[in-house]
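Numbering-wise, the sequence shown is residues 7 to 316 according to the working numbering.
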Amino acid sequence: MAQLIKLQDFVSRYESDMFKYPSQFIRLKQQRWRHLKEAYQDQRLMEPLQLQDETSLKDWGIEDDGGLTWKNRMKRWFQRKKRDKNEPEQTEPFQGSIDEVKEFFLTELFKYQLKWASSTLLQKSYGVNTYKRDEQLAYWLRVLPDNYLILYRPVFEIHHTRVEVDTIILGPSELYCISTLSGRKGSLYETDGKTYWLQDGQADEHHINPLQELEQMEKIVHSIIPKEQRKLHVKKIAYTDSGFIDASTERPGLSYVDVRTHESWMKRLQANSSPIKYNQLNTARLLLDHCYTQSVKRTEWDTHEDELIR
C-alpha cells in the first residue's frame with residue numbers, strides 16, 4: 007500500500023520527519039498484518055470482525071502514552087472502564103475467510119493512513135472525513151506498493167501564492183505529475199482543443215485541458231527542486247481509468263493513460279520493487295517544505311484514539 011505523505015492542506019506527520027516515517031509505516035503495517043493473521047489462525051477474531059484487545063491501536067503506534075499528561079491518562083482509564091462495562095462480551099469467533107480478513111486490514115489501513123495524513127502529536131487538521139469515501143485516493147493507495155509516496159490534492163505555496171494541484175506520485179526513480187479526467191464511464195476525450203477537451207464530441211460537455219495543469223505542476227516541481235538535486239525523472243500523465251483519450255498531441259515527458267493502457271501502466275509501476283531511496287525521500291521533503299498547511303493545536307482532552315505517536 008502506497009504512503010499518503012500529504013493530503014490537501016492537512017498537517018502530516020511526514021512533514022516533521024520525512025526520513026523517519028516511511029520505514030516506520032512499513033514496519034507498523036507488517037506488524038499489524040502479522041497480529042491479524044495470528045489472531046485469525048488462533049480464532050481470536052470475533053464477530054463483528056475485530057480483535058478482543060487493543061492490538062489495533064498498538065499496532066498503529068497510537069497506544070503509546072508516553073508524554074501524556076496525568077489528566078489524559080486518567081481519562082483514558084475511565085474510557086476503557088466505561089467501554090468494557092457497556093459493551094457486551096463477544097462469544098462468537100469470526101467464521102469468514104482469510105480474504106475477508108485482508109479486506110478488513112486494507113480498510114483499516116486506509117483509515118489510519120488518513121489519520122497519519124491529518125494529525126501529529128501536537129497538531130491536527132479538520133475536514134479529513136470528506137476523503138473517507140474518495141475512491142480515487144483509496145485506489146492509488148491500494149494498488150501501489152509501499153515504495154511509492156503520494157501527495158493528493160496538495161496545496162503549494164510559491165512566491166506567496168497558493169496553488170492546489172491534482173496528484174503527485176513519487177516512485178524510487180520517477181516523479182509522476184497526474185491530472186485526472188473524471189467523466190462518465192466510456193467517455194471519449196478529444197485532445198485537439200488548446201483550452202478545453204471535448205467529451206464525447208459535445209460542445210457543452212468539456213474539461214479544462216489537463217496539459218495546462220500538468221505543465222504548471224512540472225514548473226512547480228522544478229521551482230522547488232534545485233537542478234543539482236533533480237534525481238527523479240519527471241513524467242506528466244493525463245489519466246482516466248474509465249474513458250478513452252483520443253491523443254493528437256505529443257509532447258516530451260507526456261503520457262496518456264486511459265482504459266486501454268491503464269492496466270499495463272499500473273503493472274509497470276507495481277513491478278518496481280526497488281526500496282525507497284534517499285533521492286526519493288529528499289525530493290519528498292523539499293516538496294513538503296513548500297506545501298501550505300492548516301492545523302490547530304491538539305487539546306490535552308483529545309480522545310485516546312486520536313493520540314498519535316511522535
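Glycine included, each C-beta is placed from N, C-alpha and C at the ideal position.
Cβ-based burial, residue 128 [other Cβ within 10 Å; buried from 16]: Counting from one through the sequence shown, the residue named residue 128 turns up at place 122. It counts as exposed.
Taking residue 111 as the reference, which of 41, 302, 15, 10 has the closest Cα? As a working mapping, residue 111 is identified with position 105 in the sequence shown. Just measuring C-alpha positions, the residue of 41, 302, 15, 10 sitting nearest residue 111 is 41.
Where residue 167 falls: helix, strand or coil (DSSP): Taking the first residue of the sequence shown as position 1, residue 167 is located at position 161. Three-state DSSP puts residue 167 in a strand.
Within-8 Å CB hit, residue 290 to chain D: The structure shown contains no chain D; it is built from a single protein chain.
Taking C-beta to C-beta, are residue 252 and residue 163 nearer than 8 Å? For the purposes of this step, residue 252 is taken as the residue at position 246 of the sequence shown. For the purposes of this step, residue 163 is taken as the residue at position 157 of the sequence shown. Cβ distance not < 8 Å, so residue 252 and residue 163 don't count as in contact.
With DSSP as the reference, label residue 109 as helix, strand or coil. Here residue 109 is taken as the residue at index 103 of the sequence shown, counted from 1. In this structure, residue 109 counts as helix in the three-state DSSP scheme.
Since residue 207 and residue 249 should fall inside the 8 Å C-beta cutoff, what is the C-beta to C-beta distance between them, to a whole number of angstroms? Locating residue 207 in the sequence shown gives position 201, where the first residue counts as 1. Locating residue 249 in the sequence shown gives position 243, where the first residue counts as 1. With a Cβ gap of about 13 Å, residue 207 and residue 249 do not count as contacting.
Is there contact between the segment 108-124 and the segment 133-147, where contact requires at least three CB pairs shorter than 8 Å? yes
Under 8 Å, do residue 178 and residue 35 count as touching if we go by C-beta distance? Residue 178 sits at position 172 when you count from the first residue of the sequence shown. Residue 35 sits at position 29 when you count from the first residue of the sequence shown. In this structure, residue 35 does not lie closer than 8 Å to residue 178 by Cβ.
Beta bridge counterpart(s) of residue 203 as assigned by DSSP: Position 197 of the sequence shown, counted from the start, is the residue given in the question as residue 203. Note: residue 203 sits in a beta bridge opposite 213.
Please classify residue 68: does DSSP put it in a helix, a strand, or coil? Looking up residue 68 in the sequence shown gives position 62. Any reading at residue 68 is ruled out, since the residue's pLDDT is 49, under 50, leaving its predicted position unreliable.
Go through its chain and collect everything with a Cβ distance to residue 104's Cβ below 7 Å, but skip five positions before and after it. Within the sequence shown, the letter at position 98 stands for residue 104. Around residue 104: 46.
Start and end residues, beta strand (DSSP E) containing residue 31: Here the question's residue 31 lines up with position 25 in the sequence shown. Element bounds for residue 31: not the beta strand (DSSP E) but the alpha helix (DSSP H), 27-47.
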